[in-house]
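Peer 1:
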Amino acid sequence: MAAIARGATKELRTGRGLSPRARVRVVFSVFVLLALALTGRLFVLQVQQHADLSRKAEAAHLWTDTIPATRGAIYDINGGLLAGNTTADDLYVDMGKLGSVSERRRLADLLAPPLNANPDDLYITLSKVMSGTLRLKGNLTDDQSVRMRELANGWPLQLQTHAKRAYPNGVLLSHVLGYADLDNVGAYGLEGYYEKQLGGTPGSSTAEHDAMGNIIPLGQQRVAPPADGNDLTLSIDMNVQYMVERALDDGMKSTGAGAGQVVIMDPHTGAIIAMASRPTFDPNTYYNQPDVSAFINPVVNMVYEPGSTFKTLVWSAGLDEGKITADTTISEPHCAIKYGYTICNTSTAHYNESPATGLAVSDNIMAMSIAERLGKDDFYKYLQNFGIGQLTNIDLPGEGQGLVNQPSDAGWGPLNLDTNAFGQGISITPLQLLTAVTAVANGGHLMQPYVVQRITDKQGRVVSETQPKVVRDVLNSATTDVMREIMVGVVEHGTGVLAKTKGYRIAAKTGTAQVPRPGGGYEGSATIGSVIGFAPADDPRFVMIVKLDRPQSSQWGENTAVPIFANIAHQLFVYYKVQPTDYQP
Amino acid sequence: MAVRSLRGQIRPLEDAPLRPLEQARARREHLPYYLDLHPAVRFLLAVALVCAVSLLYLMQTSRVASENYRLQAAESRHTDLMRENQHIQLDIANLRSLSRIDDIARHKLGMVPVGNGYLYVQVDTSVVASATPPATQASGSPPGVVVGNNPLAAKS
Numbered sequence: 001m002a003a004i005a006r007g008a009t010k011e012l013r014t015g016r017g018l019s020p021r022a023r024v025r026v027v028f029s030v031f032v033l034l035a036l037a038l039t040g041r042l043f044v045l046q047v048q049q050h051a052d053l054s055r056k057a058e059a060a061h062l063w064t065d066t067i068p069a070t071r072g073a074i075y076d077i078n079g080g081l082l083a084g085n086t087t088a089d090d091l092y093v094d095m096g097k098l099g100s101v102s103e104r105r106r107l108a109d110l111l112a113p114p115l116n117a118n119p120d121d122l123y124i125t126l127s128k129v130m131s132g133t134l135r136l137k138g139n140l141t142d143d144q145s146v147r148m149r150e151l152a153n154g155w156p157l158q159l160q161t162h163a164k165r166a167y168p169n170g171v172l173l174s175h176v177l178g179y180a181d182l183d184n185v186g187a188y189g190l191e192g193y194y195e196k197q198l199g200g201t202p203g204s205s206t207a208e209h210d211a212m213g214n215i216i217p218l219g220q221q222r223v224a225p226p227a228d229g230n231d232l233t234l235s236i237d238m239n240v241q242y243m244v245e246r247a248l249d250d251g252m253k254s255t256g257a258g259a260g261q262v263v264i265m266d267p268h269t270g271a272i273i274a275m276a277s278r279p280t281f282d283p284n285t286y287y288n289q290p291d292v293s294a295f296i297n298p299v300v301n302m303v304y305e306p307g308s309t310f311k312t313l314v315w316s317a318g319l320d321e322g323k324i325t326a327d328t329t330i331s332e333p334h335c336a337i338k339y340g341y342t343i344c345n346t347s348t349a350h351y352n353e354s355p356a357t358g359l360a361v362s363d364n365i366m367a368m369s370i371a372e373r374l375g376k377d378d379f380y381k382y383l384q385n386f387g388i389g390q391l392t393n394i395d396l397p398g399e400g401q402g403l404v405n406q407p408s409d410a411g412w413g414p415l416n417l418d419t420n421a422f423g424q425g426i427s428i429t430p431l432q433l434l435t436a437v438t439a440v441a442n443g444g445h446l447m448q449p450y451v452v453q454r455i456t457d458k459q460g461r462v463v464s465e466t467q468p469k470v471v472r473d474v475l476n477s478a479t480t481d482v483m484r485e486i487m488v489g490v491v492e493h494g495t496g497v498l499a500k501t502k503g504y505r506i507a508a509k510t511g512t513a514q515v516p517r518p519g520g521g522y523e524g525s526a527t528i529g530s531v532i533g534f535a536p537a538d539d540p541r542f543v544m545i546v547k548l549d550r551p552q553s554s555q556w557g558e559n560t561a562v563p564i565f566a567n568i569a570h571q572l573f574v575y576y577k578v579q580p581t582d583y584q585p
Numbered sequence: 586m587a588v589r590s591l592r593g594q595i596r597p598l599e600d601a602p603l604r605p606l607e608q609a610r611a612r613r614e615h616l617p618y619y620l621d622l623h624p625a626v627r628f629l630l631a632v633a634l635v636c637a638v639s640l641l642y643l644m645q646t647s648r649v650a651s652e653n654y655r656l657q658a659a660e661s662r663h664t665d666l667m668r669e670n671q672h673i674q675l676d677i678a679n680l681r682s683l684s685r686i687d688d689i690a691r692h693k694l695g696m697v698p699v700g701n702g703y704l705y706v707q708v709d710t711s712v713v714a715s716a717t718p719p720a721t722q723a724s725g726s727p728p729g730v731v732v733g734n735n736p737l738a739a740k741s
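Read top to bottom, the protein sequences are chains A and B. According to our numbering, the stretch in the first sequence is residues 1 to 585, in order. According to our numbering, the stretch in the second sequence is residues 586 to 741, in order.
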């Protein structure tokens, strides 16, 4: 073949024409060479690069798409939507198609007004990236999306739609709801606690696609459909929640308190009707919250020293054990010296004082006396039965357990019994105390609190329904009958008098606790004002706790928390159509 | 009588022995309904049959493809409608938002909270009970006339 080529070249050089046979040979040789080259190339492609190329080819037309599951909605007890789903667009710019500096400047000027952005800042952002795709803004509003779609006709703008969680009531119930993040995954509150129920399971579709991205009908296709998330129906009543949050806002404004919480529970079931905390956040824009501690629900997650509201449990234990009766009289000095420490009442000495009067004036010395009559074993046994220092097992994340030193603990001393009797030296959550006092309101049954009443699937079928659960019986009904009258006395002629309401018997106990220092001891004038109670006293419709942190207008709970309690109670009487008794206009 | 061998050669039947396939063919050709067609006709018929089957297959494929695109369009529309439904639900929830209603009541309609200004009125329940019209209507009475001790009903 080489000889033929040489001969042909020679013939060309000499200018003589090639014979037909030689020409055929030349052409044949060229084809053979081409065939060899093609064979070599085919070998490289088909054999050497087979695995890599076949993978690339497959990836070009056969791929798997994730089919997202629709996140379950959250409703209140009346079916009002608290958390739903919507979509939002993210704005991207194809920087490779964006040309000169002047073009970037013009685009920045064009985008700034609809995006509510500074044109210079936008220009700087657009100038930093020269290639690839730049995510310029996420979660556009509907108006912004419409405007961006218009602009996308002449500019290299792209919009990508994604699912987004929406909370139509803004800050309402935010600590209970939590939020779903940008990936639509729940965090904090119910969104986090019930993530498996709400989130569902995404599906997938593996299929061959045409050049337009459409699935080829007769091609390979495997589809695993998504399982949508379940819906939650809460025991919370949105109307009551709104009343409570408004009353709390007004109360905090008038008292100058730095923080506050209100919880309302149905004493017969343990269902939470309202749960409010301040400061709060808007779950729609949770990412604007600089301090993540704002997402923590203080009612469930944070502990405090309850102060005199705790006496409700001590009086109940004393009555239930028969250590005191409604007719018992106790004489106590203004101050008592216990184990070298002087403990005083806020008021003067009391002589021949009944338990009712003692609770009405919030007598610390009587509290110690009752605790000592009970003895450490019975005292702490009752606290344990009331669930103090234990989880309530409410269906909310990160519940605090609180801390109660038991006599068997190394840190416990006899003084603890006395200080614990008026709510010092122990730490509990507001929810724990509310749950414990619920037992006083309902005849002695400790109920398990809950927030989610029902879980349903997307077809409306009930997946699970929460049934009221009695954790244990704590008090005799005779004890609760006496306690009810004693607590009514607190409102009628004691520290809770600001809650007194014409026509209604309200049972309550106020509390003013000092704020412990992290290193030990208590802060000077800072207090936590609180009140806990139930109404109507004879057939309670609700149990409520109001707690204000560091009120400024007064350090006493009876002046700060009680008016909020009364305000909410009045509204609830109307809302629940509770008829007044012995009403005289 | 002659038979056609497997190679298409015609030979007399008496040139036996025949091979099994040739015997089968011979038997077939003796059948009364045997259709003796020219090979060219057979070929054309076979081509026509293949064409018909291919056409049928193509039509079915085309139909499946077109239905699939319709299905995809319907699924896309379904997704859009679900999304729209979610938007509408949220719009309803936004419009029902208590803070919005409160704001309108206070600032647009000039309403004020009732506060503690409730007045409960004692009502004589026996009067209310007697004023309640009975549920039954007497036979023979004209429509709208209720028999009972309700004075308003008696006047009508």
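Don't be surprised by glycine CBs; every beta carbon is placed ideally from N, CA and C.
1. For L475/A and V440/A, which I take to be in contact (beta-carbon distance under 8 Å), what is that distance rounded to the nearest angstrom?
2. How long is the line joining the alpha carbons of A224/A and Q160/A, rounded to whole angstroms?
3. Run through chain B and tell me which residues come within less than 8 Å of A166/A, C-beta to C-beta.
4. Give me, in chain order, the residues of the same chain whose beta-carbon lies closer than 6 Å to that of A326/A; leave out the 5 immediate sequence neighbours on both sides.
5. Quick check on K547/A: does DSSP put it in helix, strand or coil?
6. Mind listing the chain B neighbours of Y287/A? Cutoff is C-beta to C-beta under 8 Å, in chain order.
7. Please state whether DSSP places K97/A in a helix, a strand or coil.
8. Who does E465/A pair with in a DSSP beta bridge?
9. Let me make sure I understand the geometry here. Which of D94/A, G189/A, M212/A and P355/A has the alpha-carbon closest to that of G489/A?
10. Measure the C-alpha to C-alpha separation of L42/A and A57/A and round it to an integer number of angstroms.
11. Determine, for I215/A, whether the minimum Cβ-Cβ distance to residues of chain B falls below 8 Å.
12. What is the rounded straight-line gap between the Cα of N301/A and the Cα of Q390/A?
13. Output, in chain order, the set of chain A residues within a Cβ distance shorter than 8 Å of S684/B.
14. Ordered along the chain, which non-local residues of its own chain (more than five positions away) have a Cβ less than 6 Å from that of T280/A?
15. Is the separation between the beta-carbon of K311/A and that of G423/A shorter than 8 Å?
16. Got a sec: is the Cβ-Cβ distance from V491/A to anything in chain B below 8 Å?
17. Less than 8 Å between CB atoms is the rule here; does L218/A satisfy it with respect to chain B?
18. Taking the continuous alpha helix (DSSP H) assigned at Q674/B, which residues delimit it?
19. By Cβ distance, which residues of its chain are closer than 7 Å to F573/A, with the 5 residues on each side in sequence left out?
20. How should P602/B be labelled, buried or exposed, when 16 other C-beta atoms within 10 angstroms of its C-beta is the threshold for buried?
21. Taking the alpha-carbon of L62/A as reference, which of P68/A, S54/A and A69/A has the nearest alpha-carbon?
22. Is F565/A near M265/A, with beta carbons less than 8 Å apart?
23. Taking 8 Å as the threshold (C-beta atoms), are A83/A and L218/A in contact?
24. If you measure between the beta carbons of G72/A and Q197/A, is that distance less than 8 Å?
25. Taking only the alpha-carbon atoms, compute the straight-line gap between T329/A and G375/A and give it to the nearest angstrom.
26. Skipping 5 residues on each side, what residues in its chain have a beta carbon closer than 7 Å to that of N595/A?
27. I need the straight-line Cα distance from E208/A to H268/A, nearest angstrom please.
28. How would you call V628/B, buried or exposed, if buried means at least 16 neighbouring beta carbons within 10 angstroms?
29. Tell me which residues of the region 218-239 of chain A have at least one Cβ-Cβ distance to chain B shorter than 8 Å, keeping chain order.
30. Could you tell me the distance, in whole angstroms, from the CA atom of N749/B to the CA atom of I74/A?
31. If you measure from the beta carbon of Y703/B to each beta carbon in chain A, is any gap under 8 Å?
32. DSSP three-state label for T312/A, please.
33. Using the three-state DSSP reduction, which class does G199/A fall into: helix, strand or coil?
34. Identify every residue that forms a DSSP beta bridge with E208/A.
35. Name the chain A residues whose beta carbon is nearer than 9 Å to that of V649/B?
36. Within the 8 Å Cβ cut-off, does A625/B reach chain A?
Peer 2: Let's see:
1. Taking the first residue of the first sequence as position 1, residue 475/A is located at position 475. Taking the first residue of the first sequence as position 1, residue 440/A is located at position 440. Going by Cβ atoms, the distance from L475/A to V440/A rounds to 7 Å, so yes, they are a contact pair.
2. Position 224 of the first sequence holds residue 224/A. Position 160 of the first sequence holds residue 160/A. Roughly 24 Å between the two C-alpha positions.
3. Your numbering for residue 166/A matches position 166 in the first sequence. Near A166/A (Cβ distances below 8 Å), the residues of chain B are L675.
4. As a first step, residue 326/A is located in the first sequence; it is residue number 326 there, counting from the start. For A326/A, where only same-chain residues beyond five positions count, the Cβ hits under 6 Å are V482.
5. By 1-based counting over the first sequence, the position of residue 547/A is 547. Strand.
6. Locating residue 287/A in the first sequence gives position 287, where the first residue counts as 1. The contacting residues do not exist; Y287/A stays about 19 Å from chain B at best.
7. What you label residue 97/A is simply residue 97 of the first sequence in a count that begins at 1. K97/A: helix per DSSP, three-state reduction.
8. Sequence index remark: in the first sequence, residue 465/A carries index 465 (1-based). Beta-bridge pairing links E465/A to R454/A.
9. Indexing the first sequence from 1 puts residue 489/A at position 489. Of the candidates D94/A, G189/A, M212/A and P355/A, the one whose C-alpha sits nearest the C-alpha of G489/A is P355/A.
10. Counted from its first residue, the first sequence places residue 42/A at position 42. Counted from its first residue, the first sequence places residue 57/A at position 57. Going from the Cα of L42/A to the Cα of A57/A covers about 16 Å.
11. For the purposes of this step, residue 215/A is taken as the residue at position 215 of the first sequence. Closer than 8 Å: yes.
12. Sequence index remark: in the first sequence, residue 301/A carries index 301 (1-based). Sequence index remark: in the first sequence, residue 390/A carries index 390 (1-based). N301/A and Q390/A: Cα-Cα distance of roughly 13 Å.
13. Here residue 684/B is taken as the residue at index 99 of the second sequence, counted from 1. Result: N169, G170, L172 and Y242.
14. Within the first sequence, the letter at position 280 stands for residue 280/A. Answer for T280/A: V171 and S174, listed in chain order.
15. Counted from its first residue, the first sequence places residue 311/A at position 311. Counted from its first residue, the first sequence places residue 423/A at position 423. A contact, by the Cβ cut-off of 8 Å.
16. Taking the first residue of the first sequence as position 1, residue 491/A is located at position 491. Not closer than 8 Å to any Cβ of chain B, the Cβ of V491/A fails to qualify, so no.
17. If you number the first sequence from 1, residue 218/A lands on position 218. True, the Cβ-Cβ gap to chain B drops below 8 Å.
18. Your numbering for residue 674/B matches position 89 in the second sequence. Element bounds for Q674/B: P624 to R681.
19. Against the first sequence, residue 573/A aligns to sequence position 573. Cβ neighbours of F573/A beyond the five flanking positions: Y504.
20. As a working mapping, residue 602/B is identified with position 17 in the second sequence. P602/B is exposed by the Cβ-count criterion.
21. As a position in the first sequence, residue 62/A is number 62, starting the count at 1. Here the closest residue by C-alpha is S54/A.
22. The count along the first sequence starts at 1 and reaches residue 565/A at position 565. The count along the first sequence starts at 1 and reaches residue 265/A at position 265. It is not a contact, given that the beta carbons lie outside the stated cut-off.
23. For the purposes of this step, residue 218/A is taken as residue 218 along the first sequence, with counting starting at 1. For the purposes of this step, residue 83/A is taken as residue 83 along the first sequence, with counting starting at 1. No, the pair does not count as a contact, with Cβ atoms beyond the cut-off.
24. Working through the first sequence from its first residue, we reach residue 72/A at position 72. Working through the first sequence from its first residue, we reach residue 197/A at position 197. Cβ atoms of G72/A and Q197/A: closer than 8 Å.
25. Counting from one through the first sequence, the residue named residue 329/A turns up at place 329. Counting from one through the first sequence, the residue named residue 375/A turns up at place 375. Taking the straight line from one Cα to the other gives about 19 Å.
26. Any question about residue 595/A goes unanswered here, given that chain A covers just 1 to 585.
27. As a working note, residue 208/A is residue 208 in the first sequence. As a working note, residue 268/A is residue 268 in the first sequence. So the two alpha carbons sit approximately 59 Å from each other.
28. For the purposes of this step, residue 628/B is taken as residue 43 along the second sequence, with counting starting at 1. Looking at the sequence itself, residue 628/B is Phe, so the reference to Val does not match. Looking at its Cβ environment, which holds fewer than 16 other Cβ atoms inside 10 Å, F628/B is exposed.
29. L218, M238 and N239
30. As displayed, chain B neither begins before 586 nor continues past 741, which places residue 749/B out of reach and without an answer.
31. Here the question's residue 703/B lines up with position 118 in the second sequence. With 8 Å as the cut-off, Y703/B counts as an interface residue toward chain A.
32. For the purposes of this step, residue 312/A is taken as residue 312 along the first sequence, with counting starting at 1. Looking at T312/A - three-state DSSP - the assignment turns out to be helix.
33. Counting from one through the first sequence, the residue named residue 199/A turns up at place 199. Correct three-state label for G199/A: helix.
34. As a first step, residue 208/A must be located in the first sequence, where it is residue number 208. Its beta-bridge partners are L62/A.
35. Reading the second sequence from its first residue, position 64 is the one you call residue 649/B. Those within 9 Å of V649/B in chain A are P217 and L218.
36. Locating residue 625/B in the second sequence gives position 40, where the first residue counts as 1. Closer than 8 Å: no.
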